[in-house]
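First up is the structure itself, then whatever we jot down about it.
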Amino acid sequence: MKKIVIFGVGLIGGSAALAFKKARPGVQIVGMGRTQQSLQTALDLGVIDLASCDIAEALQEADMLLIAAPVAQTPAILATIQPHLNMNTVITDAGSTKGDVLTAARKVLGDQFSQFVGGHPIAGAEKSGVTAAMADLFLGKTVVLTPSPETKPEAVAMVEQFWTGCGAKLSAMSAQTHDSIFAAVSHLPHLLAFALVHEIAARADAEQLFSFAASGFRDFTRIAGSHPEMWRDISLANKNAILNELTAYQAELSMLKKLIELEDGQALEALFEQASTARNAWAKSKS
Numbered sequence: 065m066k067k068i069v070i071f072g073v074g075l076i077g078g079s080a081a082l083a084f085k086k087a088r089p090g091v092q093i094v095g096m097g098r099t100q101q102s103l104q105t106a107l108d109l110g111v112i113d114l115a116s117c118d119i120a121e122a123l124q125e126a127d128m129l130l131i132a133a134p135v136a137q138t139p140a141i142l143a144t145i146q147p148h149l150n151m152n153t154v155i156t157d158a159g160s161t162k163g164d165v166l167t168a169a170r171k172v173l174g175d176q177f178s179q180f181v182g183g184h185p186i187a188g189a190e191k192s193g194v195t196a197a198m199a200d201l202f203l204g205k206t207v208v209l210t211p212s213p214e215t216k217p218e219a220v221a222m223v224e225q226f227w228t229g230c231g232a233k234l235s236a237m238s239a240q241t242h243d244s245i246f247a248a249v250s251h252l253p254h255l256l257a258f259a260l261v262h263e264i265a266a267r268a269d270a271e272q273l274f275s276f277a278a279s280g281f282r283d284f285t286r287i288a289g290s291h292p293e294m295w296r297d298i299s300l301a302n303k304n305a306i307l308n309e310l311t312a313y314q315a316e317l318s319m320l321k322k323l324i325e326l327e328d329g330q331a332l333e334a335l336f337e338q339a340s341t342a343r344n345a346w347a348k349s350k351s
């Protein structure tokens, strides 16, 4: 790969640029985005080599295009690039939902849908924007790819080459499986954190409550500091799977509430023991 275009040079796009430039110093990274100011910052920081507002020029002889913008922007971005897309440029994305993205790509790209590879790097941070970009963000992290039956094998191979160059590990699955899994282990936890902070912040004694909040509150709500626009888009894009998870979680809370009402200490301890064992086993497997 000699030329890569990144649409959305924020935390994910900027980190991918830094990581791949480190692995392949000769590659040219062209940045595109919504604001000239953010692109200029990316240039000043050395994250990208060129900032372009001319889509036709940016895509000329590009080996790969990475869309690293909030998922709701993906259809419009695809529609913008499609008239200027040649038969050799591979398109991929970094969105946290995949079913909606693949549906949009199939509709917009038509015959060139075979050049599209859905992707989701499982990495991030509370801070957003190109100033938060890190060359080691993807080191040892998993990137999920969701190719379709129509996807060209060489397109998949190029995207695999890109992410392994960034230091990531790869996993492949269907878009439906991806969205179901991440509704449970990523999307739901973010919604819970946002909801808790929102509810406490709305109380009359919020200032006093926050003043006494310590490590438990900090750890549980850390992800509530994430990008609001991105999580709005994820919540709507993965609506059905998230609603299923919210329903299941509400049932669990109702059961917990009932055990407390009944003062059933034995059942409470058993529930906490099962959860603690499962959590510690998971943490140990990740260490």
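Under the working numbering, the first residue of the sequence shown is numbered 65, with each subsequent residue one higher. The C-beta atom is built at its ideal place from N, Cα and C for all residues, glycine as well.
Can you grab the Cα-Cα spacing for the pair residue i / residue j, in whole Å?
| i | j | result |
| --- | --- | --- |
| Leu103 | Leu310 | 38 Å |
| Lys322 | His254 | 25 Å |
| Leu201 | Trp295 | 20 Å |
| Leu326 | Pro211 | 50 Å |
| Ala257 | Phe281 | 10 Å |
| Gly368 | Gly188 | Outside the shown range of the chain (65 to 351) lies residue 368, about which nothing can therefore be said. |
| Gly204 | Gly231 | 6 Å |
| Leu129 | Ile70 | 6 Å |
| Leu234 | Phe180 | 17 Å |
| Lys350 | Phe226 | 24 Å |
| Gly163 | Gln330 | 43 Å |
| Gln100 | Val165 | 26 Å |
| Pro213 | Gln146 | 21 Å |
| Val94 | Ser116 | 7 Å |
| Phe276 | Ala342 | 29 Å |
What span of residues does the beta strand (DSSP E) with residue i cover, start to end?
| i | result |
| --- | --- |
| Gln100 | Looking at the DSSP string, Gln100 is not in any beta strand (DSSP E); the run it does join, the alpha helix (DSSP H), is Gln100 to Asp108. |
| Ser235 | Lys233 to Ala236 |
| Pro185 | Phe180 to Pro185 |
Enumerate in chain order the residues of its own chain whose CB-to-CB distance from residue i is below 7 Å, with the five nearest sequence positions on each side excluded.
| i | result |
| --- | --- |
| Gly356 | Given that the chain is displayed from residue 65 to residue 351, the structure contains no residue 356 and the question cannot be resolved. |
| Ile298 | Val135, Ser160, Thr161 and His251 |
| Met237 | Val208 and Thr210 |
| Glu293 | Pro134 |
| Ala168 | Thr138, Pro139 and Leu142 |
| Gly72 | Gly97, Ile131, Ala132 and Ala133 |
| Thr144 | Ile119 |
| Glu239 | Looking at the sequence shown, residue 239 is not Glu but Ala. If we look at Ala239 and ignore the five residues flanking it on each side, its Cβ neighbours are Lys162, Gly163, Leu166, Gly182 and Thr210. |
As a quick exercise: from the options, pick the residue whose alpha carbon is nearest that of residue i.
| i | options | result |
| --- | --- | --- |
| Val208 | Leu252, Val135, Gly159 and Leu130 | Gly159 |
| Ala305 | Leu252, Gly74 and Val94 | Leu252 |
| Ala248 | Ser178, Leu332, Ala312 and Pro292 | Ala312 |
| Val220 | Asn152, Ile264 and Gly231 | Asn152 |
| Pro217 | Ala122, Ser178, Thr285 and Leu260 | Ser178 |
| Thr241 | Gly231, Asn302 and Ser290 | Asn302 |
| Leu317 | Ala126, Leu335, Lys350 and Gly329 | Leu335 |
| Glu125 | Lys66, Ala83 and Glu333 | Lys66 |
| Ala132 | Met319, Ile76 and Ser192 | Ile76 |
| Gly97 | Ala87, Ala140, Phe84 and Ala83 | Ala140 |
| Leu123 | Cys117, Thr144 and Leu149 | Leu149 |
| Thr228 | Thr206, Gly289 and Gln338 | Thr206 |
| Phe246 | Ala347, Thr285 and Leu307 | Leu307 |
Leaving out five residues on either side along the sequence, give the residues of the same chain with a beta carbon under 6 Å from the beta carbon of residue i.
| i | result |
| --- | --- |
| Ile287 | His254 and Ala257 |
| Ser244 | Ala305 |
Identify the continuous alpha helix (DSSP H) that holds residue i and give its terminal residues.
| i | result |
| --- | --- |
| Met128 | Here Met128 belongs to no alpha helix (DSSP H); instead the beta strand (DSSP E) covers Met128 to Ile131. |
| Val172 | Gly163 to Leu173 |
| Val223 | Pro217 to Gly229 |
Apart from the five residues on each side of it in sequence, which residues of its chain come closer than 8 Å, Cβ to Cβ, to residue i?
| i | result |
| --- | --- |
| Glu224 | Leu209 and Leu234 |
| Gln92 | Lys66, Lys67, Ile68, Asp113 and Leu114 |
| Asp127 | Met65, Lys66, Lys67, Ile68, Asn152, Thr153, Val154 and Met222 |
query = Is the region 105-113 in contact with the region 191-209, if contact means three or more CB pairs nearer than 8 Å?
reply = By the C-beta criterion, the region 105-113 is judged to be in contact with the region 191-209, since at least 3 inter-stretch pairs fall below 8 Å.
inquiry  = Would the region 262-269 count as touching the region 170-189 if we require 3 or more Cβ pairs under 8 Å?
reply    = Of all C-beta pairs linking the region 262-269 to the region 170-189, fewer than three are shorter than 8 Å, placing the two stretches out of contact.
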